[in-house]
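Have a look at the structure below before the remarks.
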Amino acid sequence: MFIYSIIAIVSMPKVKRSEYIRISRTIVKKLFDQNCFGKGSVYIHVLKSGISKEDLDKVETVLEALVKQKICHKKKKEHGWKYYLNMDRYDKIKEIVREKGNRSIVPILLML
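Per this note's numbering: the sequence shown = residues 3 to 114.
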């Protein structure tokens, strides 16, 4: 188990800040549109659908960062991890969903 987790960490792709902002917005918007607030949750393959091929390997890295920021939560289910939005951070989630263009709150959340 320990060796596998080290290999998984080493094999995670490097994500640029601009890519992180774009992918995290897409993920949060998808979770928000599907009403994934605890009771409703989705598997990672659903979140990966609709994302460009060059960004598919970065989705898991961004999701883990969103979990660390407590914007998303994850729970273990029969077929893998399911992700949902944190209701305690609803105000930040609402800001991310409303964002358009180059201005983003996501980098500010990274510093917290």
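Beta carbons are placed, not taken as given, at the ideal position from N, Cα and C, and that holds for glycine.
- Using a Cβ distance threshold of 7 Å, CYS74 and TYR92 do not count as a contacting pair.
- Per DSSP, the continuous beta strand (DSSP E) segment holding LEU87 begins and ends at 82-87.
- Cβ neighbours of LYS72 within its own chain (closer than 8 Å, five residues either side excluded): ASN88, ASP90 and ARG91.
- Taking LYS77 as the centre and dropping the five residues before and after it, the same chain places the C-beta of LYS84 closer than 6 Å to its C-beta, in chain order.
- Cβ neighbours of ILE29 within its own chain (closer than 6 Å, five residues either side excluded): LEU49.
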